[in-house]
Every structure is written in C-alpha cells, then in structure tokens.
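Below: one structure, written as structure tokens.
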Amino acid sequence: MGRVTLKKSKRAGAKREPCEELRTFALSFPDAYEEFPWGHCAIKVNKKIFVTLGGEDGALSMSRPGATMRTRSNNTPRWIPAFLIPLGAVSAVALVSIAAAPKAPREIIAFEEAELFFEQNATDGDLGLHFKVDGEDSSRLGLVGPNNRVLVDVKVKGNLGQVIGLTELFSESAEPSFDDLPADEFMALFEPGEYRFFGRTLGGDTAEGVATLTHDMPGEAVLIAPLEDEEVDPTEDLELMWELVDDPAPPESVIECYEVVVEKDMDDERLRVFSIFMLPTDTSVRVPAEFFEAGKDYKVEILAQETSGNRTAIEVPFTTE
1 MGRVTLKKSK
11 RAGAKREPCE
21 ELRTFALSFP
31 DAYEEFPWGH
41 CAIKVNKKIF
51 VTLGGEDGAL
61 SMSRPGATMR
71 TRSNNTPRWI
81 PAFLIPLGAV
91 SAVALVSIAA
101 APKAPREIIA
111 FEEAELFFEQ
121 NATDGDLGLH
131 FKVDGEDSSR
141 LGLVGPNNRV
151 LVDVKVKGNL
161 GQVIGLTELF
171 SESAEPSFDD
181 LPADEFMALF
191 EPGEYRFFGR
201 TLGGDTAEGV
211 ATLTHDMPGE
221 AVLIAPLEDE
231 EVDPTEDLEL
241 MWELVDDPAP
251 PESVIECYEV
261 VVEKDMDDER
271 LRVFSIFMLP
281 TDTSVRVPAE
291 FFEAGKDYKV
301 EILAQETSGN
311 RTAIEVPFTT
321 E
C-alpha cells in the first residue's frame, strides 16, 4: 500500500480542506461508502479499501492499495484508483479512472438535523455532552471529531438494519459532578471545531451533517418567582419570573432562547410537564392553574441557550397548597 503525506497548507482555514475534498470525491463513485476501522476514515467498495484518510501532527496522510477494485454487482473490474495526485498547495487530489462506470455517481445526502452541544446543570453541579442526528432510514449512524477520530459508531443489525432502518439518534454522555471532573477539564476532552455526523442509508447512499462545538457556556438564570420551596396556590395561575442572562461572548455567542420546564415530582403516579421556549428578551411566563394539583411537589427548570446550542440549566423546587 502506497502512502503520501502532505504537510498542511499555511493558508488560513485550509487545515481540513484537502481531506474533505478527497473524501467527498471518493464517495461520489458508484458503490463507494466509508467506514472507520482504525479510527480513521476508510473509503471502500465491496468491503475493500481503496483510500484511507487521517490527520495527525499537522499532516494529512492518505493511503491507497495497488489492486483493482471490484464492485458487488459482478466480477468485472469497473474502475481503479491509480494515483493520488497533489494539485498546487494540496488544495485538491484526484483518483484516475480506467473505465466508465455504468452507474451515476451517488450524491451525499444531508441530514435534516445534526446537533452537538454541552448542557450544564448549575444546580446539581454537573456537565454532559449531548448529540442528535435525524435523517433518512439508515443502517449506520456515527460521529467523527475534528481530528477524524470516531466518537460514535452505531451499526443496526437484523430486520431493523436491513428492512426498517433508524431515522433519528439522540444520546447524552454521563454527567460527572464538578467535584469529580471540573467543567473546564470535561470540555477539554472535546476540542472545539466541526464534528461530522455520518450515515449509510438503506439504499446504500452516504449521509452526512456537520455540527460546530464551542466552549462558550451561558451563565445561569436567576429565578425571581417562585422562590425555592415556596408554597403556591394551585387554584391561581403561577407567573414565573427570572433575570436575563448575559451573552457569553458577543457577537459570536449570544443568548438565543430560554426553555422553561415545570414538572411534577417524578415519584408521583401521574407525571405532568409544562414546557415552552421563550425569546431571549423574555423574563416571565404564566403557567395556567389547570396544570397544578393540590398538595404536590413541583420544580421549575430554566435553561439558557446560546448560539452554538450550549445550555445552562437551573432547578428550583416549590410545592402547592
């Protein structure tokens, strides 16, 4: 297997461009798909690798085998990646084809949603990483970091993976307390930058989406009413009031919205939840009396969300008479 190592360009913003250009070009070929067998991106045809991509120590590394690739349709060689050719200041690379492919190149399908963000609970003193991806029926969904290392790789098996597929995947990390892992050390485990979601649809197409992770965290909201452990009248509407949260790092990171959640104690036999998103200029919302029951424990949660999606929550308990 031949190997070519290209030093990164000094041009600003060009660090990942060659790798992405090659990956996009390689995936456009018929029957091409990607996997991550060693943590690096490997483009395959009929379960055989024809190019691998990786970036370490400021260099872009590309490898290729020297054998003819065969598609899964028949045993006739259809095309071969003969050379990896650096063009100019490694702004592009090319694969040389030896035969016309009877299939049109596949398009890369964009996920409908691709989200990655930190959520901090200021009341409990913990922090977690959350992600969500949503798109077409898929047999595989995953997430790759800025260094091309795989963080998540979910392969769906059996009838679920072959006939039905997954359309949405949401998950969150464990949330260690700040006593065990301070917030800055937790975030340092996940460098800021572009994270790429990848997928393989039931039809064999490649799906992808990009989410930008930042370390800009909102401050915590201050609830004015109700007060902690206050007893309120369940026959009257309850007005929740809070103070505005300062923008974390304007103009790049500003408060985009507040999510306000009121819920009855989880141990109650009938869970009830009131949830609403508010504008960044709002400081109050009214909860109707019909939501409440007498003699119950409740809590109100206010989450401040900034531009990249990072959120900080507070929780305040109260009761009804």
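Residues 1 to 321 (my numbering) are what the sequence shown spells out, left to right. A virtual CB, placed ideally from N, CA and C, is assigned to each residue, including glycine.
Local Cβ density within 10 Å of residue i, reported as buried at 16 or more and exposed below that
i	result
Leu-303	buried
Ile-85	Residue placement at Ile-85 cannot be trusted, given a pLDDT of 32 that sits under 50; what the coordinates show is reported in the next sentence. Per the 10 Å Cβ criterion, exposed.
Gly-204	exposed
Phe-29	buried
Thr-52	buried
Arg-270	exposed
Asn-159	exposed
Asn-74	Note that Asn-74 scores a pLDDT of 41, beneath 50, so its modelled location is shaky; the value from the coordinates is reported in the next line. By the neighbour-count rule (16 or more Cβ atoms within 10 Å), Asn-74 is not buried but exposed.
Ile-43	buried
Val-273	exposed
Pro-77	Residue confidence for Pro-77 is low, a pLDDT of 35 falling below 50, so the modelled location carries little weight and cannot support an answer.
Val-210	exposed
Leu-166	buried
Thr-71	Low confidence applies here, because Thr-71 scores a pLDDT of 34, under 50, leaving its location unreliable; read the following figure in that light. So Thr-71 counts as buried.
Presumed contact (8 Å Cβ cut-off) between residue i and residue j, rounded CB distance
i	j	result
Glu-35	Leu-27	Not quite, the Cβ-Cβ distance comes to about 12 Å (not below 8 Å), so this is no contact.
Glu-263	Lys-299	6 Å
Phe-131	Glu-115	6 Å
Asp-137	Ile-164	7 Å
Cβ pair residue i, residue j closer than 8 Å
i	j	result
Pro-212	Ser-308	Before going further, note that residue 212 is Thr rather than Pro in the sequence given. Yes.
His-215	Met-241	no
Ser-177	Asp-246	no
Ile-314	Ala-221	yes
Thr-320	Glu-293	yes
Glu-172	Leu-129	yes
Arg-196	Glu-208	yes
Leu-306	Val-260	Note on residue identity: the sequence assigns Glu, not Leu, to residue 306. No, the pair does not count as a contact, with Cβ atoms beyond the cut-off.
Glu-107	Asp-134	no
Pro-250	Leu-238	no
Leu-223	Val-316	yes
Gly-193	Pro-146	yes
Pro-280	Glu-256	yes
Phe-117	Asn-310	yes
Candidates the options: closest to residue i by CA position
i	options	result
Phe-190	Leu-143, Thr-123, Lys-47	Leu-143
Asp-265	Lys-155, Thr-167, Lys-47, Asp-297	Asp-297
Pro-218	Cys-41, Thr-123, Thr-312, Phe-25	Thr-312
Asp-153	Asn-159, Asp-124, Glu-259, Ser-139	Ser-139
Glu-231	Thr-123, Val-150, Gly-295	Gly-295
Cys-41	Asp-124, Leu-151, Ile-109	Leu-151
Glu-228	Lys-47, Phe-318, Asn-121, Asn-46	Phe-318
Val-45	Met-278, Thr-206, Ala-183	Thr-206
Ile-109	Lys-157, Lys-48, Thr-24, Lys-155	Thr-24
Asp-282	Tyr-258, Asn-121, Pro-288, Asp-180	Tyr-258
Met-278	Val-156, Glu-301, Gly-161	Glu-301
Asp-233	Pro-288, Glu-168, Leu-166	Pro-288
Pro-182	Phe-50, Lys-47, Ala-122, Leu-22	Ala-122
Those runs of the alpha helix (DSSP H) which lie wholly inside the region 156-239 and span at least 4 residues: Uninterrupted alpha helix (DSSP H) stretches at least 4 residues long and entirely within the region 156-239 occur at 183-188, given in chain order.
Runs of beta strand (DSSP E) lying entirely within the region 236-264, each at least 3 residues, in chain order: 238-243, 255-264
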